Amino acid sequence: MQFIKIVLVGIGQIFLQKNGLSGLIICIAMFFSHWALGIGCLLGAIIGTLTAIKLNYPKEEIKQGLYGFNASLAFMCTMFTFGLNGVSFLVFLLGVISAVVATLVMREFTKRNWVAYTFPFVFTCWIFCWGISQIGLFGLWQTTPELVDHTATLESIKQPFYAWAEVNFGRSLITGILLFIAIAISSPTVATWGMSATIISPTLAGFLFDIEPNQLANGIYSFSAILLACAFSGNRFRDLVYVIFGIMLAICIQFGVEKIGLAPYTIGFIVTAWFVLWIKGKVDHSKVSSEKLSNLFNP
Numbered sequence: 012m013q014f015i016k017i018v019l020v021g022i023g024q025i026f027l028q029k030n031g032l033s034g035l036i037i038c039i040a041m042f043f044s045h046w047a048l049g050i051g052c053l054l055g056a057i058i059g060t061l062t063a064i065k066l067n068y069p070k071e072e073i074k075q076g077l078y079g080f081n082a083s084l085a086f087m088c089t090m091f092t093f094g095l096n097g098v099s100f101l102v103f104l105l106g107v108i109s110a111v112v113a114t115l116v117m118r119e120f121t122k123r124n125w126v127a128y129t130f131p132f133v134f135t136c137w138i139f140c141w142g143i144s145q146i147g148l149f150g151l152w153q154t155t156p157e158l159v160d161h162t163a164t165l166e167s168i169k170q171p172f173y174a175w176a177e178v179n180f181g182r183s184l185i186t187g188i189l190l191f192i193a194i195a196i197s198s199p200t201v202a203t204w205g206m207s208a209t210i211i212s213p214t215l216a217g218f219l220f221d222i223e224p225n226q227l228a229n230g231i232y233s234f235s236a237i238l239l240a241c242a243f244s245g246n247r248f249r250d251l252v253y254v255i256f257g258i259m260l261a262i263c264i265q266f267g268v269e270k271i272g273l274a275p276y277t278i279g280f281i282v283t284a285w286f287v288l289w290i291k292g293k294v295d296h297s298k299v300s301s302e303k304l305s306n307l308f309n310p
C-alpha cells in the first residue's frame with residue numbers, strides 16, 4: 012500500500028503537487044485521452060519508483076515522489092510519439108528504457124541539490140522519442156495525429172481545459188477538466204493560478220508571434236504556463252510578476268525551439284523556471300517588497 016501511495020504522489024509531482032489523490036485522478040484522466048497514455052502514466056511512475064528503490068536512492072526523496080514524475084512523463088511521451096496507433100513490444104520496451112533513463116538523470120540532479128523540474132524527461136525524450144522518430148530507427152516513426160480544429164467559438168471556450176490536458180500529452184476535454192480538479196484538490200490557489208495562466212499565455216503568444224490559431228486553441232502554448240503557475244504561485248505581487256514574466260519568456264523559448272525543428276516539450280517551462288528561481292533568490296535576498304514600497308506613499 013505504501014508503494015502505491017508513493018507512485019501516486021510521484022504522478023502528482025508532474026504538477027509539483029505532493030498529493031497521492033491528485034496523482035490518482037491525473038492517472039485516471041489520461042485514460043480519457045488514450046488508454047496508452049493512461050498505462051504510460053502509471054507504468055512510468057512505477058518504473059521510476061522501482062528504479063530508485065533498487066538503486067538505493069534516498070528514501071525521503073523516493074517518498075516525496077521525486078523519481079516518479081519524470082519517468083511517468085517519459086513513458087507517456089513514448090506512447091504519444093509512437094503508440095497511439097497501436098503499442099508494439101518495441102514501443103513498450105522503449106517506454107520502459109525512457110522511464111529508467113529519466114530516473115537516472117533525475118538522480119544526477121538531486122544528488123547535487125539541483126532543481127531539475129521536468130528536464131530529465133525532456134532530455135530523455137529528445138533522444139528516445141524525437142531523435143528516433145527523426146531517423147526512423149528500428150522502423151519507428153511518429154504516429155501523433157494532427158491537431159483537432161478547436162477554433163470554432165464554442166470550442167475555443169474550452170481552450171483552458173485543452174491546455175491542462177496538453178501538459179500530459181492529452182487531447183480530451185474530460186482529461187483537462189479532471190487534471191484541473193486534481194490540482195484544485197491539492198491546492199485551490201495553484202489551480203486558480205494555473206487556470207489564469209491558460210488564458211494569459213495564448214493571448215501573449217498571439218500578440219508576440221504569428222502563431223497558428225489552432226495551436227493556441229489546443230493549448231500548445233499554454234501547458235508550460237500552467238507549470239510555471241504551479242511553481243511560482245503565491246500571495247505576493249512579486250509572484251504575479253514572476254509568473255507573467257515567466258510566461259512571456261517560456262513562449263519565446265518554445266517558439267524558438269520549434270523554429271529550429273526540435274520538439275520543445277516543456278523546455279520553455281524548465282529554462283524559464285531556472286531563470287526565475289535565480290532572480291527570485293536575488294530579490295528575496297535583497298528583501299525588496301511591494302509592502303515597503305507602498306508604505307512610502309501611505310500616511
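All you need for the working numbering is the position in the sequence shown, starting with 1, plus 11.
By construction, the Cβ of each residue, glycine as well, lies at the ideal position given by its N, Cα and C atoms.
This one's a predicted model, so the numbers in the text were calculated from it and none came from an experiment.
Annotated three-state conformation of Ile-64 is helix, per DSSP. For a cut-off of 8 Å, the C-beta gap from Ile-22 to Gly-79 is around 6 Å, short enough to register as a contact. Arg-123 is positioned such that its CB atom lies no closer than 9 Å to that of Tyr-68. Of the candidates Asn-81, Ile-258 and Tyr-173, Asn-81 places its Cα closest to the Cα of Ala-110. Around the beta-carbon of Leu-189, 16 or more other beta-carbon atoms lie within 10 Å, marking it buried.
Note that the segment 81 to 94 touches the segment 131 to 144; at least 3 beta-carbon pairs, one per stretch, sit closer than 8 Å. Close CB contacts of Trp-175 within its chain, under the 6 Å cut and outside five residues either way in sequence, are with Gly-187, Leu-190 and Phe-191 (chain order). Excluding residues up to 5 positions away in sequence, Ser-235, Ala-261, Ile-264 and Gln-265 lie with their Cβ nearer than 6 Å to the Cβ of Gly-279 in the same chain. Contact check for Leu-239 against Gly-217 fails: the beta carbons are separated by 9 Å or more. Unbroken alpha helix (DSSP H) runs of no fewer than 4 residues, entirely contained in the segment 103 to 175, are found at 130 to 136, 143 to 146 and 164 to 168, following chain order.
Here Leu-35 carries a helix assignment [DSSP, helix/strand/coil]. In the three-state DSSP reduction, Gln-226 falls in the helix class (H, G or I).
Val-126 and Phe-149 have their C-alpha atoms some 34 Å from each other. CA-CA distance, Val-294 to Phe-248, rounds to 13 Å. Per DSSP, Val-178 lies in no alpha helix (DSSP H) and is assigned neither H nor E. Of the other Cβ atoms in all chains shown, fewer than 16 fall within 10 Å of the Cβ of Ser-297; this residue is therefore exposed. In the three-state reduction of the DSSP assignment, His-296 falls in the helix class, which pools H, G and I. For Ala-274, the three-state secondary structure derived from DSSP is coil. Here the C-alpha atom of Gln-75 lies approximately 28 Å from the C-alpha atom of Ile-255.
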